[in-house]
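Novice: Sequential numbering from 532 applies to the sequence shown in our numbering. Ideal Cβ positions, reconstructed from N, Cα and C, are used throughout, including at glycine.
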Amino acid sequence: MYFCCRRDNNYDQLDEPNSEASPLVRNGNGSLVDGVIASRRSATDDLNLWTNPDDVTHSISEDDQLLSEMLDERRKATTRESELMWHQKVEEVRKVRKKLQDRWKRVLMELGFADEQTNLLAVSSVTKTAAPNTSVKAYHLHDVLVRETSIFGDGPVQRHRYAVILDRLRDLDITDDFLEAAKELFPKKIEKPKRHKKAPIRETDERTGQSEPTKFTEETPKSPENGSANGLDREALDTKQGNRAESTVSK
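Written out as structure tokens, the structure reads:
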């Protein structure tokens, strides 16, 4: 059965049922779902790369909720300036998530899965999710990638989405190879300890009570021209000479 996946190029429309009867199709779990809604969700999921595609309300993950609110604000914008502002914010989030997906594509290409990478990384709200007996191992592999590689970068790790993908890699028996390739292509960043500059020694001024950095100055020996000779200042020298004159007169 063929049906149109969307009527326009706006992927951000709300997932509301069509007023007309839409075809029912089976999703990856074998359940019947509305065909039009399923296609719209697949399109928006591919575009926005939701952290938790199973959550159609986008309220479970904080970063998904934030993106959903941005999209809602853009739809409600009443001016071109406001719409453009929210569009730019949405695009910034999308670029971060797309950059993360590109890292995974690079590893898959390294392993020889260039033709299959798109299908392996496609996850949407109508995708067959991880089975209960294997998802635990997939989540464990996800956490190993977080600890031992930098493939997730500095952004949100999107744990549920990539656990679904890791289950697919487990079915192909390439998780060990993927982990080793990820370590080589995206090694864990080692943070260098920050060096702290030594603060200058401060002395307290007895008059003001304020501390000031110690100042190192050299004392210049005074010369006779400056008012001293051999360590004696001018006043002491004059007094000494006057005493000698009085002693001579008395004699």
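Going by C-alpha distance, which of Asn579, Arg611, Arg692, Tyr670 is nearest Val654?
Specialist: With distances taken between Cα atoms, Val654 lies closest to Arg692.
Novice: Going straight from the alpha carbon of Asn784 to that of Arg625, what length do you get?
Specialist: A question about residue 784 goes unanswered here, because the residues of the chain that appear run from 532 up to 782.
Novice: Between the alpha carbons of Phe644 and Thr706, how many angstroms are there, rounded?
Specialist: Taking the straight line from one Cα to the other gives about 13 angstroms.
Novice: Report back the beta-carbon spacing between Ser656 and Ala694 to the nearest angstrom; my notes put them in contact at under 8 angstroms.
Specialist: No, Ser656 and Ala694 are not in contact; Cβ-Cβ is about 15 angstroms, not under 8 angstroms.
Novice: Nearest CA to the CA of Met616: which residue from Val627, Lys629, Met601?
Specialist: Closest by alpha carbon: Met601.
Novice: For His610 and Arg690, what's the separation of their Cα atoms in angstroms?
Specialist: Note that residue 610 is Thr in the sequence shown here, rather than His. Taking the straight line from one Cα to the other gives about 36 angstroms.
Novice: Got a sec? Which residues, its chain only, sit under 6 angstroms from Ser599 by beta carbon, not counting five neighbours each side?
Specialist: Closer than 6 angstroms at the Cβ level, and outside the excluded window around Ser599, lie His589.
Novice: Any idea if Asp595 is buried or exposed, counting beta-carbon neighbours within 10 angstroms, 16 or more meaning buried?
Specialist: Counting Cβ neighbours within 10 Å, Asp595 comes out buried, since at least 16 surround it.
Novice: Does the count of Cβ pairs from the region 666-675 and the region 618-637 closer than 8 angstroms reach three?
Specialist: Touching, no, given that fewer than three Cβ pairs across the two stretches are closer than 8 angstroms.
Novice: Who are the near neighbours of Ala712 in its chain, counting only those whose CB is closer than 7 angstroms to its CB and skipping five residues on each side?
Specialist: Result list for Ala712: Val638, Glu641, Leu642, in chain order.
Novice: Whole angstroms is fine: what's the gap from Leu710's alpha carbon to Leu676's?
Specialist: The straight-line gap from Cα to Cα measures roughly 7 angstroms.
Novice: Among Val627, Leu716, Leu700, which one has its Cα closest to the Cα of Asn650?
Specialist: Per the Cα distances, Leu700.
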